[in-house]
Amino acid sequence: MINKSLINDISLYSYLEEFMGVRSWKDIIDMLRDILTGLHSIHKNDIVHGNLHGGNILVENEGDSINIRISDVGLHGSVYKKSSNRTYGVLPYVAPEILKGDPPTKASDIYSFGIIILAIEICIGIRPETIDGTPNAYIQQMARCWHPDPLKRPTALELYDLLGSWSDPNKSESFNKFVMTESRREIHPRANYTSRLLHFPDLNKLL
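Each residue of the sequence shown is one higher than the one before, starting from 41 at the first, in the numbering used here.
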């Protein structure tokens, strides 16, 4: 059965390409928090998404507001179950431990979210340099999501609360910094974000 509410939704990639130039940093933070709301709900039920990227984030644009949905939920099931030793995904979003053969975890979802933060800026590559003018707080939390030790990555709920303080002028000095650093970004025209089988048999020898 098709969910009719999803018919008019567009992917995060398409949304960024069409609307990014007119969105403020507050809009960006609110959008990221909406994604975190969905991700926390998934994790709270001990489910790992396992293939989180902009193509699986659906945006319903209602003019002054947007609704965010995370699709393809439940394909990897419980955090306690490893159903396959094959790795699928969009390479820039796949955590390094997954490429080495570990099963998807909540922490690997957070890594993918960190790449989504970056994708909102330039949508290309793994851990590239950030664009001039990006607030330091944004860069720092993006880097935390990328931490090589999965146990040191923040949770979806922790990030949700932190980003909430960024968008509240009464709670954080960071709010003014975001207001002052409005910038325009676009998706790289040659970016490829399609999930596919990732096979790197010699990766463990290199890492």
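The C-beta atom is built at its ideal place from N, Cα and C for all residues, glycine as well.
| query | result |
| --- | --- |
| Assuming residue 108 contacts residue 75 (C-beta within less than 8 Å), just tell me the rounded distance between them. | 6 Å |
| Name the DSSP beta bridge partners of residue 76, please? | Its beta-bridge partners do not exist; DSSP assigns none. |
| Identify which residue in 136, 110 and 175 has its Cα closest to the Cα of residue 95. | 110 |
| Residue 84 to residue 195, Cα distance in whole Å? | 11 Å |
| If you run the structure through DSSP and keep just helix, strand and coil, what is residue 96? | helix |
| Residue 176 by DSSP, collapsed to three states: which one? | helix |
| Would you identify the three-state DSSP class for residue 50, choosing helix, strand or coil? | strand |
| Below 8 Å on the Cβ atoms is my contact criterion, and I expect residue 199 with residue 181 to pass it. Report the Cβ-Cβ distance as a whole number of Å. | 7 Å |
| Consult DSSP for residue 108 and reduce its assignment to one of helix, strand or coil. | strand |
| Thinking C-beta only, is residue 113 closer than 8 Å to residue 157? | no |
| Is there at least one Cβ from chain C nearer than 8 Å to residue 174's Cβ? | Absent from the structure is chain C; it holds one protein chain and no more. |
| Measure from the alpha carbon of residue 174 to the alpha carbon of each residue in 68, 50 and 89, then state which is nearest. | 68 |
| Would you decide whether residue 141 is buried or exposed? Buried here means 16 or more other CB atoms lie within 10 Å of its CB. | exposed |
| Count the other CB atoms, across all protein chains shown, that sit within 10 Å of the CB of residue 120; report buried if there are 16 or more and exposed otherwise. | Residue placement at residue 120 is poorly supported in this model, since its pLDDT is 44, which falls under 50; the coordinates are not used for a value here. |
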